[in-house]
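Mapping of the sequence shown onto my numbering: residues 1056 to 1093, in sequence order. Ideal Cβ positions, reconstructed from N, Cα and C, are used throughout, including at glycine. For clarity, every value in this text was computed on a predicted model and none was experimentally measured. Notes follow the structure.
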Amino acid sequence: MLDHLISDPMIKKTQKLANSIVILIIVDLAVVNYSSYD
């Protein structure tokens, strides 16, 4: 049941989108922290 949900293409797309957003937030925070050291 759970495997079927995870393999659902829509869920995969949502997970990819969520991962991209998380990466963008991390990069954004890293850039802000890096430039605040200047």
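Where the alpha helix (DSSP H) containing residue i begins and where it ends
| i | result |
| --- | --- |
| residue 1089 | 1064–1091 |
Between the CA atoms of residue j and residue i - distance to the nearest angstrom
| i | j | result |
| --- | --- | --- |
| residue 1087 | residue 1081 | 10 Å |
| residue 1084 | residue 1077 | 11 Å |
| residue 1067 | residue 1074 | 10 Å |
| residue 1065 | residue 1092 | 41 Å |
| residue 1072 | residue 1079 | 11 Å |
| residue 1069 | residue 1090 | 31 Å |
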